[in-house]
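K.L.:
According to the numbering used here, the sequence shown is numbered sequentially starting from 2.
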Amino acid sequence: MQIEFLSQLIRSYGLKWVLLRAFYECQLRSGWHAFRFRQRPWRDNELAHWLKPDVPPSSQAFYEEWQHHRPHFFFAPQQRTQSRQTLHNIWGERKAAHVIQEAEVIQKGIFPYFSRQNAHLGFPPEWHVNPFTGGHAPLNVHWSHIAMYSPIYGDLKYIWEPGRFAFSYLLARAYWISGKEEFAEIFWQILDSWREANPPNRGAHWKCGQEISLRIMAWAFALYAFAEASVTSAERVAWLVGMIAAQAARVEADHLYAHLQQNNHALSEGVGLWTVGLLFPQLKAASRWRETGRKILESEGMFQIQADGSYIQHSTNYHRVMLHLFAWAIRLGKLHGYGFSQKLLDRVRQAGEFLYQLQDQETGGVPNYGANDGAFILPLNSCDYRDFRPVLNSIHYLFTRTRLYEKGLWDEDLFWMFGVEALKQPIKQVPRKSWGTEIGGYYTLRGDASWGMIRCATFENRPSQADMLHLDIWRKGINIACDPGSYLYNASPPWNNALVTTAVHNTLMVDRQDQMTRGPRFLWFPWLTSTVRHFSVSSTQALTYFEGEHDGYARLEAPVIHRRAVLMSAADIWIVFDDLLGMGEHEFTLHWLLADLPYQIEPQSRHVLLQIGTERYGVLVGVCDPESPPIHINLLRGAEERAPRGWHAPYYGVRFPALSLRLTTKAAVPCRVFSIFVPADLMRRLSVSATHLHILDDAIELMLILHPPGLQSIMTQASFKTRDFQEHLTI
2 MQIEFLSQLI
12 RSYGLKWVLL
22 RAFYECQLRS
32 GWHAFRFRQR
42 PWRDNELAHW
52 LKPDVPPSSQ
62 AFYEEWQHHR
72 PHFFFAPQQR
82 TQSRQTLHNI
92 WGERKAAHVI
102 QEAEVIQKGI
112 FPYFSRQNAH
122 LGFPPEWHVN
132 PFTGGHAPLN
142 VHWSHIAMYS
152 PIYGDLKYIW
162 EPGRFAFSYL
172 LARAYWISGK
182 EEFAEIFWQI
192 LDSWREANPP
202 NRGAHWKCGQ
212 EISLRIMAWA
222 FALYAFAEAS
232 VTSAERVAWL
242 VGMIAAQAAR
252 VEADHLYAHL
262 QQNNHALSEG
272 VGLWTVGLLF
282 PQLKAASRWR
292 ETGRKILESE
302 GMFQIQADGS
312 YIQHSTNYHR
322 VMLHLFAWAI
332 RLGKLHGYGF
342 SQKLLDRVRQ
352 AGEFLYQLQD
362 QETGGVPNYG
372 ANDGAFILPL
382 NSCDYRDFRP
392 VLNSIHYLFT
402 RTRLYEKGLW
412 DEDLFWMFGV
422 EALKQPIKQV
432 PRKSWGTEIG
442 GYYTLRGDAS
452 WGMIRCATFE
462 NRPSQADMLH
472 LDIWRKGINI
482 ACDPGSYLYN
492 ASPPWNNALV
502 TTAVHNTLMV
512 DRQDQMTRGP
522 RFLWFPWLTS
532 TVRHFSVSST
542 QALTYFEGEH
552 DGYARLEAPV
562 IHRRAVLMSA
572 ADIWIVFDDL
582 LGMGEHEFTL
592 HWLLADLPYQ
602 IEPQSRHVLL
612 QIGTERYGVL
622 VGVCDPESPP
632 IHINLLRGAE
642 ERAPRGWHAP
652 YYGVRFPALS
662 LRLTTKAAVP
672 CRVFSIFVPA
682 DLMRRLSVSA
692 THLHILDDAI
702 ELMLILHPPG
712 LQSIMTQASF
722 KTRDFQEHLT
732 I
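(1) Using the C-alpha atoms, what's the distance from residue 438 back to residue 732?
(2) Is any non-hydrogen atom of the ligand GTP found closer than 7 Å to the C-beta of residue 60, if you look at the structure I gave you?
(3) Let's test the definition: count the other Cβ atoms within 10 Å of the Cβ of residue 619 and tell me whether it reaches 16, buried, or not, exposed.
(4) Helix, strand or coil for residue 726? Go by DSSP, reduced to three states.
(5) Considering only residues of the same chain and omitting the five flanking positions on each side of residue 496, which have a CB-CB separation below 8 Å?
(6) Residue 113 by DSSP, collapsed to three states: which one?
(7) Short of 7 Å in beta carbon distance, which residues of its chain neighbour residue 580, apart from the five on each side in sequence? Order them along the chain.
(8) Answer yes or no: do residue 509 and residue 460 have a C-beta to C-beta separation smaller than 8 Å?
(9) Kindly list the residues whose CB is nearer than 7 Å to the CB of residue 190, restricted to its own chain and excluding five residues on each side of it in sequence; keep chain order.
(10) Over what stretch of residues does the beta strand (DSSP E) that includes residue 658 continue unbroken?
(11) Can you give me the C-alpha to C-alpha distance between residue 600 and residue 267, rounded to a whole angstrom?
(12) Is it right to say residue 208 is buried, meaning 16 or more other beta carbons lie within 10 angstroms of its own, or is it exposed?
(13) My assumption, with CB atoms under 8 Å, is that residue 205 sits in contact with residue 160. Please give the rounded CB distance.
(14) Less than 8 Å between the beta carbons of residue 469 and residue 529, yes or no?
(15) For the segment 591-618, which segments carrying the beta strand (DSSP E) assignment without a break, of at least 3 residues, lie completely within its bounds, in sequence order?
(16) Can you tell which of 682, 688, 712 has its C-alpha closest to the C-alpha of residue 700?
(17) Distance, Cα to Cα, residue 276 vs residue 251?
(18) Just to confirm before moving on: does the CB-CB distance between residue 354 and residue 293 stay below 8 Å?
(19) Taking Cβ positions, are residue 634 and residue 607 nearer each other than 8 Å?
(20) Between which two residues does the alpha helix (DSSP H) containing residue 218 stretch?
(21) What residue range does the beta strand (DSSP E) around residue 475 cover?
(22) Can you round the beta-carbon distance between residue 303 and residue 336 to whole angstroms, since I take them to be within the 8 Å contact cut?
(23) Do residue 320 and residue 378 come within 8 Å of each other at the CB atom, strictly closer than that value?
(24) With DSSP as the reference, identify every bridge partner of residue 667, one or two as the case may be.
(25) At which residue ranges does the segment 317-397 contain complete alpha helix (DSSP H) runs of 4 or more residues, listed in the order of the chain?
(26) DSSP three-state label for residue 738, please.
(27) Which word fits residue 363, buried or exposed, when buried means at least 16 other C-beta atoms lie within 10 angstroms of its C-beta?
(28) Whose C-alpha, out of 726, 724, 730, is nearest the C-alpha of residue 717?
(29) Does the count of Cβ pairs from the segment 621-632 and the segment 659-668 closer than 8 Å reach three?
(30) Note down the Cα distance separating residue 515 from residue 551, rounded to an integer number of angstroms.
(31) Assign residue 431 to one of two classes, buried (16 or more other C-beta atoms within 10 Å of its C-beta) or exposed (fewer than that).
(32) Round the Cβ separation of residue 532 and residue 538 to the nearest angstrom and send it over; I've been treating them as touching at under 8 Å.
(33) How far does the alpha helix (DSSP H) with residue 243 in it reach, from first residue to last?
(34) From the DSSP output, in three-state form, read off residue 531 for me.
(35) Do residue 182 and residue 231 have their beta-carbon atoms positioned less than 8 Å apart in this structure?
(36) Hey, out of 297, 45, 136, whose CA is closest to residue 150's CA?
Printed below as a string of structure tokens:
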């Protein structure tokens, strides 16, 4: 088994990666990291150790020089007073008051977690406790000896989250709108407590270079936001910069781990080093850190962002993290006269355009696709965590100097990153359309009232979930057929990263097996391949057709190919056919995770009616076989005893009930299953078989002609008619 696992690793990642990863693991287990990154107390003058020889080492001298010659940042600290009206214009009175109230709560020891929860940590906070379990991570051990999960303290991410200092952005925003220096004092007191509780290389907050880098970004933002406050003293600034330097050295010396992750860890570390190198030129390693950060961002950016704008981590939220990192890095570089290659800039611009095409027009949300650990690294606005308008507005402005949306709370990011002039620029709206990316394998089908996204990709980089051909459907701002999210990466069963499996996604499972074999941690083997067979849009866009397949079940003793066809029609109709092609008899399970709406289920007619406001919308599932084998259809909502089925997690660590509709049967292949999403008044006006589908009422007629399951495409022709309109689509 170990030999097979090693063989799979080499085939997927390459021999060089496997050898480097093994080398790093040997270092970790041998105690080399504890020897190389030795625990020590803070120096009496930590900053002096990191300064260039010609820079005066005293706190006062450094502070005075920094105040008079501050390197450029996104905003000028002296403009705080005149910026209050701008923030009031963005927020309005009620939202401004709410921001201040949220910041005041921090002084009571209540801190935000993952943009949804709050927990009491005390003030100053207890840095090594998970407030949701009450357990403590070890205080006096080297960071290399601390596990990501423990039955004592649970998920280490809950200890890391306040250590990112994301609340610094909230305190800064409250200070700028109110002028109350108590918010600056809160920040400095919390910073002092972090220093006392976290000497170099001791404890959880030194374990991860990405966490350190995000903390550096937050500290830098706070330093400039509170620069003019009377409580910002020479001693406090010197300690902050000295601690930043110590942490930058830790990041630089252990970057190999982040590089081997092949994800946003490496980008975060690059941005951290880039930021320190640009903002603190007095440090003796500043030039090296700046250049190292630039090289990391250039190489990792070109590797991680595909030519079509898709991202290596197969995750919409990690895509946002990547965009935030590059928005920060590119903007800060421009302010200092440093830039990146045009090739990289083109990739980042394309990545913004890519994510925009996956966005819902009404809510600003995107499918909760892929891993979602709650990361929101630039919380510079009062929008909901699920609203992607702030980051897309910023990226769009970065490259076009125009805004993407009408005025709203999402404009606050523009203010902080680009200044008040950005808010005066014209709007250049970009149309969304039925669209696809060949490399990333994301395809959207868009109509007037609804739209959907389907994934059909061949993995060239590590998959995080076994969810190929998952289909998201959105209707009038509601995510009707949704992705379950992640909930928790590290937990006790059944919630230990449980929402990555095929069974809980909107796709089809064969013989109760995932599409790939699950390995340790976040690994899957072997990586499946997919083929897009058709993607067509009719001339008037009344009909859009997608067809694709994957070979994840070709590894079975009796191999099976899963092929899926999706037709989106005018009149808000979605038709999905799933073909199983291959040999033998198999059990297969079709699953849909539906929004938690009022519903009625009619098992005899195999359909569910969802109540959406004053409208009813139907979901019908079945098998296209005149000699249909026995089928079992059931619907479950958030039952603990059946977890993780029937839950979704739009935020990390928080789960909500959802409707889990499941069809299970056992049949010889080839066979065909159908799913129909349609307004309720059309439910009883349709007929479906293995070769056709017909919907007819007084207003519309939809006809589909299908090939039998086999080698040909699933659909051969579709037609849609109204009293004064007709459209055809031939495959």
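C-beta atoms are modelled at their ideal positions from N, C-alpha and C, and glycine is treated no differently. Please read these numbers as outputs of a predicted model, since none were measured by experiment.
P.N.:
Taking the definition as stated:
(1) Taking the sequence shown and counting its residues from 1, the one referred to as residue 732 is at position 731. Taking the sequence shown and counting its residues from 1, the one referred to as residue 438 is at position 437. For residue 732 and residue 438, the distance between alpha carbons rounds to 20 Å.
(2) Looking for the ligand GTP in the displayed structure turns up nothing, as the structure carries no ligands at all.
(3) Taking the sequence shown and counting its residues from 1, the one referred to as residue 619 is at position 618. Counting other Cβ atoms within 10 Å of its Cβ, residue 619 reaches 16 or more and is therefore classed as buried.
(4) By 1-based counting over the sequence shown, the position of residue 726 is 725. Look at residue 726 here: in three-state DSSP terms it is strand.
(5) Here the question's residue 496 lines up with position 495 in the sequence shown. If you ignore the 5 residues before and after residue 496, its C-beta comes within less than 8 Å of the C-beta of 488, 489, 644, 645, all in its own chain and listed in chain order.
(6) Sequence index remark: in the sequence shown, residue 113 carries index 112 (1-based). In this structure, residue 113 counts as strand in the three-state DSSP scheme.
(7) As a first step, residue 580 is located in the sequence shown; it is residue number 579 there, counting from the start. Cβ neighbours of residue 580 beyond the five flanking positions: 564, 671, 673, 710, 715.
(8) Here residue 509 is taken as the residue at index 508 of the sequence shown, counted from 1. Here residue 460 is taken as the residue at index 459 of the sequence shown, counted from 1. No; because the gap between Cβ atoms is not below 8 Å, this pair is not in contact.
(9) Here residue 190 refers to the residue found at position 189 when the sequence shown is read from its first residue. Excluding residues within five positions, the ones whose Cβ falls inside 7 Å are 125.
(10) Residue mapping note: residue 658 aligns to position 657 of the sequence shown, counting from 1. Taken as a continuous stretch (DSSP letters only), the beta strand (DSSP E) holding residue 658 covers 655-658.
(11) Locating residue 600 in the sequence shown gives position 599, counting from the first residue. Locating residue 267 in the sequence shown gives position 266, counting from the first residue. Distance between the alpha carbons of residue 600 and residue 267: 45 Å.
(12) Position 207 of the sequence shown, counted from the start, is the residue given in the question as residue 208. Looking at its Cβ environment, which holds 16 or more other Cβ atoms inside 10 Å, residue 208 is buried.
(13) Indexing the sequence shown from 1 puts residue 205 at position 204. Indexing the sequence shown from 1 puts residue 160 at position 159. That belief holds up - the Cβ atoms of residue 205 and residue 160 are roughly 5 Å apart, short of 8 Å.
(14) Position 468 of the sequence shown, counting from 1, holds the residue named residue 469. Position 528 of the sequence shown, counting from 1, holds the residue named residue 529. By the CB criterion at 8 Å, residue 469 and residue 529 fall inside the cutoff.
(15) 600-603, 608-613, all fully within the segment 591-618.
(16) Here residue 700 corresponds to residue number 699 of the sequence shown, with the count starting at 1. The residue with the shortest Cα to Cα distance from residue 700 is 682.
(17) Taking the first residue of the sequence shown as position 1, residue 276 is located at position 275. Taking the first residue of the sequence shown as position 1, residue 251 is located at position 250. Roughly 15 Å separates the two Cα atoms.
(18) Within the sequence shown, residue 354 is the residue found at index 353, counting from 1. Within the sequence shown, residue 293 is the residue found at index 292, counting from 1. No, the Cβ-Cβ distance between residue 354 and residue 293 is not below 8 Å.
(19) Reading the sequence shown from its first residue, position 633 is the one you call residue 634. Reading the sequence shown from its first residue, position 606 is the one you call residue 607. A contact, by the Cβ cut-off of 8 Å.
(20) What you label residue 218 is simply residue 217 of the sequence shown in a count that begins at 1. Per DSSP, the continuous alpha helix (DSSP H) segment holding residue 218 begins and ends at 210-226.
(21) What you label residue 475 is simply residue 474 of the sequence shown in a count that begins at 1. Counted as a single uninterrupted DSSP element, the beta strand (DSSP E) harbouring residue 475 occupies residues 472-476.
(22) The residue given as residue 303 occupies position 302 in the sequence shown. The residue given as residue 336 occupies position 335 in the sequence shown. Taking the Cβ atoms as the reference, residue 303 lies roughly 23 Å from residue 336, outside the contact range of under 8 Å.
(23) Counting from one through the sequence shown, the residue named residue 378 turns up at place 377. Counting from one through the sequence shown, the residue named residue 320 turns up at place 319. No; because the gap between Cβ atoms is not below 8 Å, this pair is not in contact.
(24) Here residue 667 corresponds to residue number 666 of the sequence shown, with the count starting at 1. DSSP, once it has assigned bridges, lists 588 as partnering residue 667.
(25) Look at the segment 317-397 and you find these whole runs of alpha helix (DSSP H), each 4 residues long or longer: 317-336, 343-358.
(26) No information on residue 738 is available, as it lies outside the stretch 2 to 732 that the chain covers here.
(27) Counted from its first residue, the sequence shown places residue 363 at position 362. Result: exposed.
(28) Locating residue 717 in the sequence shown gives position 716, counting from the first residue. Between residue 717 and the set 726, 724, 730, the nearest pair of CA atoms involves 730.
(29) With a cut-off of 8 Å on Cβ pairs, the segment 621-632 is in contact with the segment 659-668, counting three or more such pairs.
(30) Here residue 515 refers to the residue found at position 514 when the sequence shown is read from its first residue. Here residue 551 refers to the residue found at position 550 when the sequence shown is read from its first residue. Taking the straight line from one Cα to the other gives about 13 Å.
(31) To locate residue 431, count along the sequence shown from 1; it is residue 430. Under this definition residue 431 is an exposed residue.
(32) In the sequence shown, residue 532 corresponds to position 531, counting from 1. In the sequence shown, residue 538 corresponds to position 537, counting from 1. Going by Cβ atoms, the distance from residue 532 to residue 538 rounds to 19 Å, so no, they are not a contact pair.
(33) Locating residue 243 in the sequence shown gives position 242, counting from the first residue. For residue 243, the enclosing alpha helix (DSSP H) begins and ends at 235-254.
(34) Walking along the sequence shown from the start, residue 531 turns up at place 530. Of the three classes helix, strand and coil, the one that applies to residue 531 here is strand, per DSSP.
(35) Reading the sequence shown from its first residue, position 230 is the one you call residue 231. Reading the sequence shown from its first residue, position 181 is the one you call residue 182. Annotated as proximal: residue 231 and residue 182, with beta-carbon spacing under 8 Å.
(36) By one-based count along the sequence shown, residue 150 stands at place 149. Comparing alpha-carbon positions, the option among 297, 45, 136 lying closest to residue 150 turns out to be 136.
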